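Q:
2 protein chains.
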Amino acid sequence: MNNKIRLFTPGPVTMSTRTLAIGASQLPYNRTEQFSQITFEIIEDLKYIFGTQGDVVIFAASGTGAMEAVTFNFLDQSDKVLIVNGGTFGQRWVDLCTQHEIPFEQISLNPGQPISLEALDHRLSSQEYSALLINAHETSTGTIYNTKAIGELTRKYGVFFIVDAISTICADIFMMDEWHVDVSLLSSQKALALPPGLSFLALNKKAKLRLETKTCQSYYFDIKEFLANQQRGQMPFTPVIGHFIMLHERLREIKLRGGVNFVVSRHSKLAEYFRKGLKDLPFVLVPKRPSNALTAISCPKGIDAFDLVTRLADDFNCFVAPNGGDLKHRVFRVSHLGEQNETDIDFLINALEDILNKYQQTDKSNNNGNR
Amino acid sequence: MNNKIRLFTPGPVTMSTRTLAIGASQLPYNRTEQFSQITFEIIEDLKYIFGTQGDVVIFAASGTGAMEAVTFNFLDQSDKVLIVNGGTFGQRWVDLCTQHEIPFEQISLNPGQPISLEALDHRLSSQEYSALLINAHETSTGTIYNTKAIGELTRKYGVFFIVDAISTICADIFMMDEWHVDVSLLSSQKALALPPGLSFLALNKKAKLRLETKTCQSYYFDIKEFLANQQRGQMPFTPVIGHFIMLHERLREIKLRGGVNFVVSRHSKLAEYFRKGLKDLPFVLVPKRPSNALTAISCPKGIDAFDLVTRLADDFNCFVAPNGGDLKHRVFRVSHLGEQNETDIDFLINALEDILNKYQQTDKSNNNGNR
């Protein structure tokens, strides 16, 4: 058993030494000018990360909190929403709209299936939808949608465009303003390689106007309150102070190290390296168009994905992500997020080979036994 | 300028070396049996801390999130709620009920004024209220209410009793079940001396039944979902993993070190020590019945509380909490939470004396100048 824990999960991810050093430090008091200054800088840098000239608010909540903030602030019963549902997180939009009685229809996709732009164009051309909700990267299947092309369509038909970009920003290119995205989301524990606990919501001018026409259904997630408090670099409620300091440092690091493009290309290289290493093994990649954040892998017949995930953890201290629901025994996911390198990936590939060999041996001896 | 930062704020607070060591560690993956085991143990220990045989759920949110979870899950338009409003956090209950159109009336108290049990008895005897909402410790004024006696009244009249105990649990005695509290709340960054980012909601059997009669108005704060997932030691959404590990360790430490009573008595001693040290200075304590968590101090005429708070920070690296609203220039607050000791308190008292002396000198030279 190798003692080093290797995280290939799409959150939590392995964090940098710098981030951990901040984790070991006492917290500053947050109601000070110094902390306001940090907050101002964080918000500026987050705008850069999202690719927007708009606003960004920071919630003390997980990504689902930010998703619900969307329904609390931007949508209501007067809307009719179209949802692209290609997995667990598309389904989450469906659940949220159901919860809040927001009228919706959905385009259901099979795992890994891309969105047909023609079909979407046709659907939106009916002019019956006020908003489109997608997950730029459907984390449950590793599928990345063509957000840019979809943004052209929502723009053409004047449809409000909301994008969960939680697990794609900094892993893949994402340009909120250029792609005509009105609202988008991000979490701390994905490609930013920070601990979970923070989520971010970016909104453009159009979204800010929409905010004014709706009554927010939550006190804790009231974006107008966040925007008002951020004028003075403060949050309406106690922020996750330690995470703010880590985020501040991490965003500065990204800028110093060559910017978003550099971080994206690093994730791209890791993803490519892993997929290349996988070529000789009997696995099939689930999506046609995978994100750099993650590789979703379908197991060959006779191999139980969930069992494989368990063996990787128990025998090799390698943590990959199991799938839920129908895919539990068929698919597992390997993330390329966080502080991992080629050596870690080699280790994982070797571990996978080792487990596959053991399956074969068991298979043979089972077959022998049956004779 | 003394370089050591001393936090006397009611969150964030100075954390222990053990907690910080965990902050410096990589995170474990949370969808594992080991993490479920940690979660089970945390929940058991939190029940002990609350003093309940009921259930406890854990939100990735600040205390206000847990307060709104109360209104999302337990109250609706069919209720009529009575709120004790003795400051900022009483007002927060008012704001939340306003936000969610929950009919309410309030008992408004002056800063530091105790609740009149006779008046409350009379009010509740009208039988027109379905629930009573209080803040066991109104953190904005340092006032602790007699939750036990109030619990006798709500029990007598069959009124559902909801208590924000965020800044009192582990600082003062709090016994949820014995005091007939139906729902109560706690946050990580108060007397538990952890970083902000987690909040806890405890509910008894009666509250669990009430849950069934209401439709939760939030997906993120749906207590039924939390209870269902906790059956297997998991959260419905990504938890603040690092904080869980810190909490696990901290709760174990509390038990090992002599339990809740020991922690309460430590806070009591620190509060007493500070208040004794303050005796020769021209300050007045705000509440008649102060919590061990915090001392709210009223400044003599001619001394601006906010200016004093700023000088303590700028000249002595001592962070005490300013007040908001009407009290901003009159009152400041010194918390006794976190890893502080008598030496820290001596340092603060000396700093206060020093500042008061400087005020006097300026006063004299001003007077001279005026002649």
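If you're matching them up, the sequences are chains X and P in order. Just so we're aligned: 478 in this note's numbering is position 289 of the first sequence, and the numbers increase by one with no gaps anywhere. Just so we're aligned: 455 in this note's numbering is position 266 of the second sequence, and the numbers increase by one with no gaps anywhere. Ideal Cβ placement from N, Cα and C applies to all residues, glycine included. Everything numeric in this text was worked out from a predicted model, so none of it was measured.
Let's test the definition: count the other Cβ atoms within 10 Å of the Cβ of HIS432 of chain X and tell me whether it reaches 16, buried, or not, exposed.
A: Buried, because 16 or more other Cβ atoms sit within 10 Å of the Cβ of HIS432 of chain X.
Q: Taking its Cβ as the centre, do 16 or more other Cβ atoms sit within 10 Å of ARG446 of chain P, making it buried, or is it exposed?
A: So ARG446 of chain P counts as exposed.
Q: Across the region 361 to 368 of chain P and the region 224 to 243 of chain P, are there enough close Cβ pairs to call them in contact, namely three or more that are closer than 8 Å?
A: Taking 8 Å as the limit for Cβ pairs, the verdict is that the region 224 to 243 of chain P does touch the region 361 to 368 of chain P.
Q: Which bits of chain P does ILE194 of chain X rub up against, with CB to CB less than 9 Å?
A: Those are GLN215, PRO217 and TYR218, listed as they occur along chain P.
Q: Measuring alpha carbon to alpha carbon, tell me which residue in X:SER480, X:ARG519, X:GLY514 and X:LYS477 is nearest LEU497 of chain X.
A: Nearest C-alpha to LEU497 of chain X: X:ARG519.
Q: Within 8 Å (strictly less), CB to CB, does GLY212 of chain P reach chain X?
A: Yes - at least one Cβ of chain X is within 8 Å of the one on GLY212 of chain P.
Q: Below 8 Å on the Cβ atoms is my contact criterion, and I expect GLY357 of chain X with PHE426 of chain P to pass it. Report the Cβ-Cβ distance as a whole number of Å.
A: Residue identity check: residue 357 of chain X is Thr in the sequence provided, not Gly. At roughly 19 Å, the Cβ-Cβ gap does not stay under 8 Å, so THR357 of chain X and PHE426 of chain P are not in contact.
Q: Less than 8 Å between the beta carbons of ALA382 of chain P and MET204 of chain P, yes or no?
A: Yes; because the gap between Cβ atoms is below 8 Å, this pair is in contact.
Q: Give me the Cβ distance between PHE495 of chain P and LEU400 of chain P, rounded to the nearest whole Å; I'm assuming they're in contact under 8 Å.
A: Going by Cβ atoms, the distance from PHE495 of chain P to LEU400 of chain P rounds to 43 Å, so no, they are not a contact pair.
Q: At 3 residues or longer, and completely inside the region 395 to 419 of chain X: list those beta strand (DSSP E) runs for me, N to C.
A: Listed in chain order, nothing qualifies, since the region 395 to 419 of chain X has no complete beta strand (DSSP E) run of 3 or more residues.
Q: Note down, in chain order, every chain X residue with its Cβ under 9 Å from the Cβ of GLN378 of chain P.
A: Those are LEU216, THR427 and ILE430, listed as they occur along chain X.
Q: Taking three-plus beta-carbon pairs below 8 Å as touching, is the region 197 to 217 of chain X in contact with the region 336 to 345 of chain X?
A: These segments do not touch.
Q: Does THR221 of chain X come within less than 8 Å of chain P when only Cβ atoms are used?
A: Taking Cβ atoms only, chain P reaches closer than 8 Å to THR221 of chain X, which makes this a yes.
Q: Count the other CB atoms within 10 Å of the CB of ASN481 of chain P; is the residue buried (16 or more) or exposed (fewer)?
A: Per the 10 Å Cβ criterion, buried.
Q: Taking VAL475 of chain X as part of the alpha helix (DSSP H), name the residues at either end of that continuous run.
A: Segment: none, VAL475 of chain X is in no alpha helix (DSSP H) and carries neither H nor E.
Q: Would you mind stating whether VAL509 of chain X and SER487 of chain X have Cβ atoms separated by less than 8 Å?
A: No. Outside cutoff.
Q: Using a Cβ-Cβ cutoff of less than 6 Å, which residues in the same chain neighbour ALA460 of chain X once the five nearest sequence positions on both sides are dropped?
A: Cβ neighbours of ALA460 of chain X beyond the five flanking positions: ASN481 and HIS525.
Q: Just to check my reading of the structure: PHE350 of chain X and LEU374 of chain X have Cβ atoms closer than 8 Å, yes? What is that Cβ distance to the nearest angstrom?
A: With 8 Å as the limit, PHE350 of chain X and LEU374 of chain X do not qualify as a contact, their Cβ atoms being about 13 Å apart.
Q: Measuring straight from C-alpha to C-alpha, what distance separates ASP268 of chain X and GLN295 of chain X?
A: Between ASP268 of chain X and GLN295 of chain X, the C-alpha separation is close to 14 Å.
Q: Within the chosen definition, does the region 222 to 238 of chain P reach the region 533 to 546 of chain P through at least 3 CB pairs nearer than 8 Å?
A: Segments in contact, no.
Q: Quick one: grab the DSSP three-state call for PHE248 of chain X.
A: Looking at PHE248 of chain X - three-state DSSP - the assignment turns out to be strand.
Q: Compare the C-beta of TYR548 of chain X against all C-beta atoms of chain P and say whether one is closer than 8 Å.
A: Chain P, which has no Cβ nearer than 8 Å to the Cβ of TYR548 of chain X, makes this no.
Q: Would you please verify whether the beta carbon of ASP164 of chain X is less than 8 Å from any beta carbon of chain P?
A: It is not possible to answer for residue 164 of chain X, since the shown part of chain X is limited to 190 through 560.
Q: In terms of DSSP beta bridges, what is ALA325 of chain P paired with?
A: Answer is none; ALA325 of chain P lacks a bridge partner.
Q: I need the straight-line Cα distance from LEU285 of chain P to LEU321 of chain P, nearest angstrom please.
A: Using only the alpha carbons, I get a separation of about 14 Å.
Q: Taking the beta carbon of GLU307 of chain P as the centre, do at least 16 other beta carbons fall within 10 Å, making it buried, or is it exposed?
A: With fewer than 16 Cβ atoms within 10 Å of its Cβ, GLU307 of chain P is classed as exposed.
Q: Less than 7 Å between C-beta atoms, sequence neighbours within five positions excluded: which residues of the same chain meet that for ARG281 of chain P?
A: THR253 and MET256, listed in sequence order.
Q: For SER514 of chain X, does the count of other Cβ atoms within 10 angstroms reach 16, so buried, or fall short, so exposed?
A: The question names Ser, yet the displayed sequence has Gly at residue 514 of chain X. GLY514 of chain X comes out exposed.
Q: Any heavy atom of the ligand ATP inside 7 Å of the beta-carbon of ARG519 of chain P?
A: Ligands are entirely absent from the displayed structure, and the ligand ATP is therefore not among its contents.
Q: Where does the unbroken beta strand (DSSP E) through GLU294 of chain X begin, and where does it stop?
A: Run containing GLU294 of chain X: 293 to 297, per the beta strand (DSSP E) assignment.
Q: Which residues bound the beta strand (DSSP E) around CYS507 of chain X?
A: Looking at the DSSP string, the run of the beta strand (DSSP E) that includes CYS507 of chain X is 507 to 511.
Q: Listed from N- to C-terminal order along the chain, which residues in the region 495 to 527 of chain P have their beta-carbon within a distance smaller than 8 Å of any beta-carbon of chain X?
A: If the cut-off is 8 Å between Cβ atoms, the region 495 to 527 of chain P has ALA502, PHE508, ALA510 and PRO511 near chain X.
Q: DSSP has ASP521 of chain P in a bridge; who is on the other side?
A: It should be pointed out that residue 521 of chain P corresponds to Phe in this sequence rather than to Asp. Answer is P:ILE486 and P:PRO511, bridged to PHE521 of chain P.
Q: Mapping the DSSP letters down to three states, classify PHE389 of chain X as helix, strand or coil.
A: Strand at PHE389 of chain X.
Q: On the criterion of 16 or more Cβ atoms from any shown chain inside 10 Å, does GLY491 of chain X qualify as buried, or is it exposed?
A: Label assigned to GLY491 of chain X: exposed.
Q: So what does DSSP say about THR427 of chain P, is it helix, strand or coil?
A: Note: THR427 of chain P maps to coil in three-state DSSP.
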